[in-house]
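Q: In this note's numbering, the protein residues as written are 6 to 396.
One structure is given below, represented as structure tokens, and several questions about it will come after.
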Ligand SMILES: *Cc1c(COP(=O)(O)O)cnc(C)c1O
């Protein structure tokens, strides 16, 4: 029996050790507080839940196979949202496709673009799916370091010429997970110009475009003139509408790239449950109150976390977006994995070690703001105890 080299080449899952410790602690009856995972704790808004219940009960046609590439009404709703939000017009049939979550789109997109041996440029630290998608396509991932001193933006000029020659695809993600960095419009202009110069396709993952604070408005890469020649963007209902479990998202941009992605999808999945797409349309048509409420909740949590971390002598900048606080591990540690494992073993609090997001994440850790306030406070209190006894 053979297991494919593709699977054997999959990057090691660095959270596995943390998972094991978590289960150990659970079986010992330890009350675990998970500040590691970025998964909104607040339920999906009632009007979206109500819409789903009504549609499932009253529209049995939705119980049948969905349209592969998203119901036309959903695609229209998504295109209308893009127009209102970014001022960008996309054709809802030709330039947009529905996704079963953006993770699905990311994972499939490398198959649509890269040939075996091509280079895929992936940010590091990053959401692990970018690198995985390259590996699944038998392509070669190349880590673009996101460094604190560059505001966690990649330095395109530092990519070696021989890598650039073979690079066919680049993933970007701003507002960023895990660093919580944001990119201004000018960065996207630079990225598009660079991509065109070197014949590279960009897939911009804009999952956090709505989770922004103090009036920061996250741009779409498609606002850049000419971006449509070489870019697609992904957006998702997961974070703004607390719908991670529903698996509903969409990709939009260059017509040929969308057609290629659609082709991969048509051969691998049969689309998202139509009732979910219809309920999601309610959110896309009426986003403001929900998004405003979520921003206020995360801003308050962010400020609680920052205040305590600062009082413990941990340096961190106040993020303008995302669900995360990203900061350096205490100076007496050299390994983020070791720090995270000790915090878990000692205090039952899960934090994400930076190295789990890539080698350039080493030396940092991530705290997620998706835990209810009283649990977040308790988690921070335990981190305080840990720091006071160990650091
Ligand atoms: C949460 C998240 C997403 C959303 O993924 P879905 O599959 O749409 O739930 C996408 N990209 C990043 C970087 C994320 O952190």
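Every residue gets a Cβ at the ideal spot worked out from N, C-alpha and C, and that includes glycine.
Can you give me the start and stop residues for the alpha helix (DSSP H) that residue 192 sits inside?
A: Locating residue 192 in the chain shown gives position 187, where the first residue counts as 1. From DSSP, the alpha helix (DSSP H) with residue 192 extends over 190-203.
Q: Where residue 64 and residue 57 are concerned, what is the direct C-alpha to C-alpha distance, given to the nearest angstrom?
A: One-based indexing of the chain shown puts residue 64 at position 59. One-based indexing of the chain shown puts residue 57 at position 52. Taking the straight line from one Cα to the other gives about 10 angstroms.
Q: Does DSSP classify residue 379 as helix, strand or coil?
A: Reading the chain shown from its first residue, position 374 is the one you call residue 379. Helix, per DSSP.
Q: Just to confirm, is the Cβ distance from residue 214 to residue 330 under 8 angstroms?
A: Mapped onto the chain shown, residue 214 falls at position 209. Mapped onto the chain shown, residue 330 falls at position 325. Going by C-beta atoms, residue 214 is not nearer than 8 angstroms to residue 330.
Q: Going by CA-CA distance only, name the one from 216, 70 and 37 that's closest to residue 274.
A: Translated into the one-based positions of the chain shown, residue 274 becomes position 269. Out of 216, 70 and 37, 70 has the C-alpha closest to the C-alpha of residue 274.
Q: Ligand 1 and residue 43: does any heavy atom of the ligand fall closer than 7 angstroms to the residue's C-beta?
A: As a first step, residue 43 must be located in the chain shown, where it is residue number 38. Yes.
Q: For residue 294 and residue 89, what's the separation of their Cα atoms in angstroms?
A: Your numbering for residue 294 matches position 289 in the chain shown. Your numbering for residue 89 matches position 84 in the chain shown. Answer to the nearest angstrom: the Cα atoms are 15 angstroms apart.
Q: Quick check: what's the CA-CA separation for residue 134 versus residue 152?
A: In the chain shown, residue 134 corresponds to position 129, counting from 1. In the chain shown, residue 152 corresponds to position 147, counting from 1. Between residue 134 and residue 152, the C-alpha separation is close to 20 angstroms.
Q: Taking the alpha carbon of residue 364 as the reference point, which residue from 287, 128 and 188 has its own alpha carbon closest?
A: Locating residue 364 in the chain shown gives position 359, counting from the first residue. Of 287, 128 and 188, the residue nearest in Cα terms is 128.
Q: To the nearest whole angstrom, what separates the beta carbons of residue 359 and residue 339, a pair I think is in contact under 8 angstroms?
A: Residue mapping note: residue 359 aligns to position 354 of the chain shown, counting from 1. Residue mapping note: residue 339 aligns to position 334 of the chain shown, counting from 1. With 8 angstroms as the limit, residue 359 and residue 339 do not qualify as a contact, their Cβ atoms being about 12 angstroms apart.
Q: So the alpha helix (DSSP H) residue 82 belongs to, where does it begin and stop?
A: By one-based count along the chain shown, residue 82 stands at place 77. Residue 82 -> alpha helix (DSSP H) spans 77-91.
Q: Using the beta-carbon count (16 or more within 10 Å), is residue 278 buried or exposed?
A: Locating residue 278 in the chain shown gives position 273, where the first residue counts as 1. By the 10 Å Cβ count, residue 278 comes out buried.
Q: Can you tell me whether DSSP reads residue 251 as helix, strand or coil?
A: Here residue 251 refers to the residue found at position 246 of the chain shown. Correct three-state label for residue 251: coil.
Q: When the Cβ atoms of the region 199-212 are set against those of the region 171-180, are three or more pairs found closer than 8 angstroms?
A: Short answer: they touch.
Q: Using CA coordinates, which residue listed in 276, 161 and 140 is at the minimum distance from residue 118?
A: Your numbering for residue 118 matches position 113 in the chain shown. That would be 140, whose Cα lies nearest to the Cα of residue 118.
Q: In whole angstroms, what separates the C-alpha of residue 386 from that of residue 245?
A: Taking the first residue of the chain shown as 1, we reach residue 386 at position 381. Taking the first residue of the chain shown as 1, we reach residue 245 at position 240. Straight-line Cα distance between these residues: approximately 28 angstroms.
Q: Name all residues in chain order for which at least one heavy atom of ligand 1 lies closer than 6 angstroms to the residue's CB.
A: Taken from the N-terminal end onward, the list reads 43, 106, 107, 108, 132, 178, 182, 210, 212, 241, 243, 244, 249 and 254.
Q: Does the distance from the CB of residue 371 to the CB of residue 356 come in under 8 angstroms?
A: Locating residue 371 in the chain shown gives position 366, counting from the first residue. Locating residue 356 in the chain shown gives position 351, counting from the first residue. Their beta carbons are under 8 angstroms apart, which means residue 371 touches residue 356 by this criterion.
Q: Roughly how many whole angstroms lie between the Cα atoms of residue 85 and residue 147?
A: Your numbering for residue 85 matches position 80 in the chain shown. Your numbering for residue 147 matches position 142 in the chain shown. Their Cα atoms are separated by approximately 35 angstroms.
Q: Is it buried or exposed, residue 109, if we count other Cβ atoms within 10 angstroms and call 16 or more buried?
A: Counting from one through the chain shown, the residue named residue 109 turns up at place 104. With 16 or more Cβ atoms within 10 Å of its Cβ, residue 109 is classed as buried.
Q: Hey, quick one: how far does the alpha helix (DSSP H) through residue 135 stretch, first residue to last?
A: In the chain shown, residue 135 corresponds to position 130, counting from 1. Run containing residue 135: 134-141, per the alpha helix (DSSP H) assignment.
Q: Indicate the three-state DSSP secondary structure (helix, strand or coil) for residue 155 in the structure shown.
A: Counting from one through the chain shown, the residue named residue 155 turns up at place 150. Reduced to three states, the DSSP call for residue 155 is helix.
Q: Roughly how many angstroms separate the alpha carbons of residue 308 and residue 344, rounded to a whole number?
A: For this step, residue 308 is matched to residue 303 along the chain shown. For this step, residue 344 is matched to residue 339 along the chain shown. So the alpha carbons of these two residues sit roughly 23 angstroms apart.
Q: What are the partner residues of residue 5, as DSSP defines its beta bridges?
A: Past the edges of the chain, shown from 6 to 396, lies residue 5, and the structure says nothing about it.
Q: Exposed or buried, what is residue 217 when buried is set at 16 or more other beta-carbons lying within 10 Å of its beta-carbon?
A: Along the chain shown, read from residue 1 onward, the residue named residue 217 stands at position 212. Buried, because 16 or more other Cβ atoms sit within 10 Å of the Cβ of residue 217.
Q: Might you give, ordered along the chain, the residues of its own chain that have their beta carbon closer than 7 angstroms to the beta carbon of residue 100, omitting 5 neighbours on each side?
A: What you label residue 100 is simply residue 95 of the chain shown in a count that begins at 1. These residues qualify, in order along the chain: 257, 258, 260 and 263.
Q: Closer than 7 angstroms by C-beta to residue 304: which residues in its own chain qualify, once you throw out the five before and the five after it? Chain order, please.
A: By 1-based counting over the chain shown, the position of residue 304 is 299. Correct list, in chain order: 218.
Q: Given a cut-off of 8 angstroms on the beta-carbon distance, is the pair residue 82 and residue 239 in contact?
A: Along the chain shown, one-based indexing puts residue 82 at 77. Along the chain shown, one-based indexing puts residue 239 at 234. No, these two residues do not count as a Cβ contact at 8 angstroms.
Q: Just to confirm my understanding: we take residue 44, look at its own chain, exclude 5 residues before and 5 after, and list those with CB closer than 7 angstroms. What are they?
A: Here residue 44 refers to the residue found at position 39 when the chain shown is read from its first residue. Excluding sequence neighbours, residue 44 sits near 249 and 375.
Q: Under the rule that 16 or more other beta-carbon atoms within 10 Å means buried, what is residue 337, buried or exposed?
A: Within the chain shown, the letter at position 332 stands for residue 337. Exposed: under 16 other Cβ atoms inside 10 Å.
Q: Is residue 72 helix, strand or coil when you go by DSSP?
A: By one-based count along the chain shown, residue 72 stands at place 67. Coil.
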